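S.K.: Sequence positions in the sequence shown follow our numbering and run 819 to 1296. Positions of the beta carbon are idealized from the N, C-alpha and C atoms, including for glycine. This structure is a prediction, so every number in the text was calculated from the model and none was measured.
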Amino acid sequence: MKTITVAKGDGIGPEIMNATLNIIKASGAQVQFEEISVGEKVYLSGNTSGISPDAWESIRRNKVFLKAPITTPQGGGYKSLNVTMRKTLGLYANVRPCNSLHPFVVTKHPVMDVVIVRENEEDLYAGIEHQQTDDVVQCLKLISRPGCEKIIRYAFEYAKQYGRKKVTCFSKDNIMKQTDGLFHKVFKEVAAEYSDIENEHWIVDIGAAKLADTPEYFDVVVMPNLYGDILSDVAAQITGSVGMAGSSNIGASCAMFEAIHGSAPDIAGKNIANPSGLLQGAILMLKHIGEIESAEKIMNAWLTTIESGVHTQDIYTEGSSKQLVGTKEFAETVIANLDKQPKTLPAVNFEGHGAFIPPKATEKKPAVKELLGIDVFVDDREKNPNKVAEKLQSIELEGVKLEMITNRGIKVWPNGFDETYCTNHWRCRFKPEGDQKIDKSQIVSLLGNAITKDVDVIKTENLYSFDGELAFSLGQGQ
Ligand code: NAD
């Protein structure tokens, strides 16, 4: 008997979790539950992480965690427990199947069956943010090659195992050539290994528009963290209700399953929440641990319930729905339908849908890295870029010269335009002259000069090439 760690969470969490656990128990799944407490109560008891060491121990021992939504208190330095858990446990793949249940759940997209595979650990969610000048704050977007490779391989392996035909990649590599560029590049490399699965890439803005307008065009869609966060909610919502979708968070050793929605405090304690999202998460969990028969039984009972018109208020539509029920009664109906098959919606067959070993990234031999220059970021209230350049030229070294200044990425010196708005945040690029090289001791000298000349350096970035390929962006307009 497999032990699952369970957290009932906040808001509607306890109601939808009780409903879900009752359905799992009634299905005959060979599982037992170990309850832990996470979320609001833990935060407010003074633990800013929202989770106790005992709770971590349970999750790490059982390796499978079914979690109801939790409330992150606003302000007060509380970190999102969801992000902490995904990253601490290395749950790199967030998988969100979104399909419509036409004509039983009202949707503009009757033939939608999309799986969003979202990278779960990197991107802007590294949460590394700094204020650098009076006017400018920064958030670091970190994308790693192993991070890209793991999630992209996951998407292709998922497609292979579940008989899906196409994997689409969304990125914004026309603008972010290094970060999103790496994601797209690794996508092309990995896609080449899966000749039986169609692949394509869309720039995320037009891809998002296409997904919202014509979701039936897509099959499996893989994307970096931020786009995936936003677009998986869009995809779930356009199936009919955000309350209907579940998600899995998969890592090399642990996995966490949940609904995609939040704790819905506006409807908590009223027995009106739809437990379907968490139930879908639980079905993904049962598949993951090999309880295929129970997963299939619950899914077919749930489809039967939806198609019989027994609906919670979020999907209840006068005319097409038959009976408005509460959370508890919805779960009781699913339990009563446990041996039934849906008549109009296709019954599911989960044969072969067990867990697969999450793919690993391949080891790459280290590239030859060469230092080519340095970007010195400066805080200066001066409005005229030529004056900033004059000041920065005063710290130049023998053979290391100021090449360019940008402001919010756009080149403003040399030959800037008066029309360009400048903040007090300047990126000043220094490069060695001609064929000369630059080394780190010269960087130290440059920064030493900056102190002497009262240049307010807020940070620096080294400019490298890797295996001879330039590995930094040019200034816009350079
Ligand atoms: P939410 O998803 O909780 O609610 C958005 C809207 O959808 C509300 O009107 C709500 O009533 C409705 N809704 C959500 N789930 C429903 C369900 N199962 N049945 C019927 N209606 C449902 O989003 P929010 O209001 O932005 O966030 C509330 C809290 O949840 C916040 O503290 C947030 O941090 C947290 N949150 C947690 C998670 C998680 O634990 N994974 C995810 C998102 C938000």
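Shortest alpha-carbon distance to L1292 belongs to which of K1229, L907, F1284 and T1241?
M.R.: Per the Cα distances, K1229.
S.K.: Considering only the alpha carbon of each residue, which of L1265, E852 and K1140 lies closest to E1125?
M.R.: K1140
S.K.: Check each candidate in L909, S1283, A1070 and I1048 and name the one with the smallest Cα separation from V1186.
M.R.: S1283
S.K.: In terms of DSSP beta bridges, what is I1282 paired with?
M.R.: The sequence shown places Tyr at residue 1282, not Ile. BP columns for Y1282 point to L1189.
S.K.: So what's Q1260 in DSSP terms, helix, strand or just coil?
M.R.: The answer is helix: DSSP assigns Q1260 an H, G or I state.
S.K.: Please go through the same chain and pick out, in chain order, the residues whose beta-carbon is closer than 7 Å to the beta-carbon of T821, but skip the five residues on each side of it.
M.R.: Q850, E852 and N880
S.K.: Let me know the secondary structure DSSP gives P915 once reduced to three states.
M.R.: Strand, per DSSP.
S.K.: I'd like to check one pair, I1276 with T951: are the Cβ atoms closer than 8 Å?
M.R.: yes
S.K.: Should M835 and L1156 be called a contact, given that it needs their Cβ atoms to be closer than 8 Å?
M.R.: no
S.K.: Is H1243 a contact residue of ligand 1, with contact defined as CB to any heavy atom under 7 Å?
M.R.: Result no, Cβ not under 7 Å from ligand 1.
S.K.: Keeping to the same chain, check which residues put their C-beta closer than 7 Å to that of Y1134; ignore five residues upstream and five downstream.
M.R.: L1142
S.K.: Give me whichever residues DSSP pairs with L1215 in a beta bridge.
M.R.: V1218
S.K.: Report the rounded CA-to-CA distance for I1107 versus G1172, giving the unit in angstroms.
M.R.: Near 7 Å, if we compare the C-alpha coordinates of G1172 and I1107.
S.K.: Cβ atoms of M1062 and A1054: under 8 Å apart, would you say?
M.R.: yes
S.K.: Straight-line CA distance for I1101 to G908?
M.R.: 22 Å
S.K.: Any heavy atom of ligand 1 within a distance shorter than 7 Å of the CB on S1139?
M.R.: No, the Cβ of S1139 stays beyond 7 Å of every heavy atom of ligand 1.
S.K.: Is it the case that the Cβ atoms of V1166 and T1151 are separated by a distance below 8 Å?
M.R.: no
S.K.: Any residue with its Cβ nearer than 5 Å to a heavy atom of ligand 1 should be included. What is that list in chain order?
M.R.: P887, I888, T889, T890, N900, G1061, H1079, G1080, S1081, A1082, D1084, I1085, A1091, N1092 and D1132
S.K.: Whole angstroms are fine: how far does the CA of V1196 sit from the CA of L1210?
M.R.: 9 Å
S.K.: Determine the extent of the alpha helix (DSSP H) in which S1050 is found, giving its start and end residues.
M.R.: N1043 to I1056
S.K.: With R963 as the anchor, note down where its alpha helix (DSSP H) starts and where it stops.
M.R.: R963 to Q979 is the span of the alpha helix (DSSP H), which, as asked, contains R963.
S.K.: Just curious, the beta strand (DSSP E) that N1346 is in, first and last residue?
M.R.: Coverage of the chain is limited to positions 819 through 1296, which leaves residue 1346 absent and any answer about it impossible.
S.K.: Which same chain residues, not among the five before or five after E1034, have their C-beta less than 8 Å away from its C-beta?
M.R.: Here the set comprises H927, V929, M930 and D931.
S.K.: Assess contact between the stretch 990-1005 and the stretch 944-964, defined as three or more Cβ pairs (one per stretch) separated by less than 8 Å. Is contact present?
M.R.: yes
S.K.: Alpha carbon to alpha carbon, how far is P1184 from I1116? Give it in angstroms, no decimals.
M.R.: 49 Å
S.K.: Could you check how far apart the C-beta atoms of A1077 and P887 are, in whole angstroms? I think they sit under 8 Å.
M.R.: 6 Å
S.K.: Below 8 Å CB to CB, which residues in the same chain sit around T866 once its five sequence neighbours on both sides are set aside?
M.R.: G894, G895, Y896 and K897
S.K.: If I measure Cβ to Cβ from Q949 and keep anything under 7 Å in the same chain, skipping five residues before and after, which residues do I get?
M.R.: So the list reads V955, once near-sequence residues are dropped.
S.K.: DSSP three-state call for V954: helix, strand or coil?
M.R.: coil
S.K.: Hey, how far is the Cα of M1041 from the Cα of D991?
M.R.: Distance between the alpha carbons of M1041 and D991: 12 Å.
S.K.: Need the endpoints of the beta strand (DSSP E) that T986 sits in, please.
M.R.: Looking at the DSSP string, the run of the beta strand (DSSP E) that includes T986 is K984 to S989.
S.K.: Should C1246 and L1220 be called a contact, given that it needs their Cβ atoms to be closer than 8 Å?
M.R.: Yes.
S.K.: Relative to the C-alpha of G857, which candidate in A847, S845, S870 and G846 has its C-alpha closest?
M.R.: S870
S.K.: Given this structure, state the Cα-to-Cα distance separating D903 from F988, to the nearest angstrom.
M.R.: Note on residue identity: the sequence assigns Met, not Asp, to residue 903. One C-alpha to the other measures close to 25 Å.
S.K.: Output the boundary residues of the alpha helix (DSSP H) element that contains P832.
M.R.: G831 to S845
S.K.: Would you identify the three-state DSSP class for R878, choosing helix, strand or coil?
M.R.: In the displayed model, R878 falls within a helix according to three-state DSSP.
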